[in-house]
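Just so you know, we're using the numbering used here here: the sequence shown kicks off at 1233 and counts up by one. Even glycine gets a Cβ: it sits at the ideal position worked out from N, Cα and C. What follows is one structure encoded as structure tokens, with my remarks underneath.
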Amino acid sequence: MEYLTFALAKGRLAEKAMELLSGIGISCDEMKENSRKLIFTNEEQKLKFFLAKASDVPTYVESGTADIGIVGKDTLLEEGRNICEVLDLKMGRCRFAVAGYRSIRDKLDNSMDLVVATKYPNIAKEYFYQKKHQTIEIVKLNGSVELAPIVGLSDVIVDIVETGSTLKANGLEVLEEICPVSARIVVNRVSMKLEHERIAHIIEGLRKATGDDK
Ligand code: PRP
């Protein structure tokens, strides 16, 4: 039997995903030891697990170096890869929003030269160009995006909001909702055919475990 390979977005999501997988009999003892290792094997079940940076999970799955990926919808929307999204795990829930100071509201609706700071340039462009028919200037950042409107680098941000506490602590607020986000199972298109039975069995187990079996 060939190995079935999972690519997990490392961090909290990978931990939650492994908890969910252990509920359907998929586990990896080696992974429980806290280490800097990035690849783990369960020889008995012929499974491999990669811990990748979230934005790289779709790359591993599209290339077929991983059969199955667990990653947030935010990353899938931003990366736009040719992979099968098969299940919403209903965890890691948050939402995409436009946020900033309340005082920017008027400019937000009318301006054609709004400056938008974000870690997600494709999502920001899609939202402003396709949905709002506005042209914008994007400033690509890699984290702590809330800083940008405060220091005058941008008018607003496009970012994920979970509890809203980062915005609140920085005097910013949600100005427009874009879409909800949660963790998804994705599968490589070829693996879906070649390993259909094993993968279908896992997806079915997870579908039941997440209460999506109606
Ligand atoms: C994310 C996101 C927000 C924050 C939202 O950042 O970009 O900054 O979490 O969460 P909250 O609504 O619960 O406050 P992350 O913690 O991943 O760090 P980063 O900004 O450095 O990427």
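Beta-carbon proximity of VAL1377 to ALA1349, cut-off 7 Å
By the CB criterion at 7 Å, VAL1377 and ALA1349 fall inside the cutoff.
Worksheet item: With a CB to CB cut of under 8 Å and the five nearest residues on each side skipped, what residues in its chain are close to LEU1346?
Response: Closer than 8 Å at Cβ, skipping near neighbours: LYS1339, LEU1340, PHE1360, GLN1366, ILE1368, GLU1369, ASP1387, VAL1388.
_Suppose you measure from the CA of ALA1380 to the CA of ILE1434; what does that come to, to the nearest Å?_
Their backbone Cα atoms lie some 42 Å apart in a straight line.
* First and last residue of the alpha helix (DSSP H) that includes ASN1354? -> Segment 1353–1357, the alpha helix (DSSP H) holding ASN1354.
Could you tell me which residues DSSP pairs with ARG1416 in its beta bridges? For ARG1416, the beta-bridge partners assigned by DSSP are VAL1303, ASP1320.
If the criterion is Cβ atoms closer than 7 Å, does the pair VAL1293 and ALA1241 meet it?
No, the pair does not count as a contact, with Cβ atoms beyond the cut-off.
key: Reduced DSSP category for ALA1349 - H, G, I as helix; E, B as strand; rest coil   = The answer is strand: DSSP assigns ALA1349 an E or B state.
**Prompt:** How many angstroms separate the CA atom of ILE1417 from the CA atom of ILE1315?
**Reply:** C-alpha separation (whole angstroms): 10 Å.
Point to revise | Best match in ALA1246, THR1307, ALA1331 for proximity to GLY1396 [C-alpha to C-alpha] | key: Ranked by how close their Cα comes to the Cα of GLY1396, the residues ALA1246, THR1307, ALA1331 have ALA1331 in first place.
In the structure shown, what three-state DSSP assignment does ALA1331 receive? Reduced to three states, the DSSP call for ALA1331 is strand.
Would you say the beta carbon of VAL1383 is closer than 6 Å to some non-hydrogen atom of ligand 1?
Result no, Cβ not under 6 Å from ligand 1.
Exposed or buried, ASN1420, counting other C-beta atoms within 10 Å across all chains shown (16 or more means buried)? It counts as buried.
* Is it true that the segment 1280–1290 meets the segment 1394–1408, where meeting means three or more beta-carbon pairs spaced less than 8 Å apart? -> These segments do not touch.
Going straight from the alpha carbon of ILE1392 to that of MET1263, what length do you get? For ILE1392 and MET1263, the distance between alpha carbons rounds to 28 Å.
**Study point:** Assigned secondary structure, GLU1262 (DSSP; H/G/I helix, E/B strand, else coil)
**Key:** Reduced to three states, the DSSP call for GLU1262 is helix.
message: By the three-class DSSP mapping on this structure, what secondary structure does ASP1391 have?
response: Strand.
Worksheet item: In terms of residues, what are the limits of the beta strand (DSSP E) holding LEU1279?
Response: Its beta strand (DSSP E) spans residues 1279–1284.
Exercise for review: Could you pull out every residue in the same chain whose Cβ sits closer than 7 Å to the Cβ of GLU1409, ignoring the five residues on either side in sequence?
Suggested key: The beta carbon of GLU1409 is closer than 7 Å to those of ARG1327, ALA1329 in its chain, skipping five residues each way along the sequence.
Exercise. So what's THR1237 in DSSP terms, helix, strand or just coil?
Worked result: Strand.
Next on the checklist: Residues in the same chain with beta-carbon distance under 6 Å from GLY1301, minus the five sequence neighbours each way, listed in chain order, please.
Outcome noted: If you ignore the 5 residues before and after GLY1301, its C-beta comes within less than 6 Å of the C-beta of ALA1239, VAL1289, VAL1293, VAL1418, all in its own chain and listed in chain order.
Limits of the beta strand (DSSP E) - the one that ILE1256 falls within
Secondary structure note for ILE1256: it is in no beta strand (DSSP E), with a DSSP letter that is neither H nor E.
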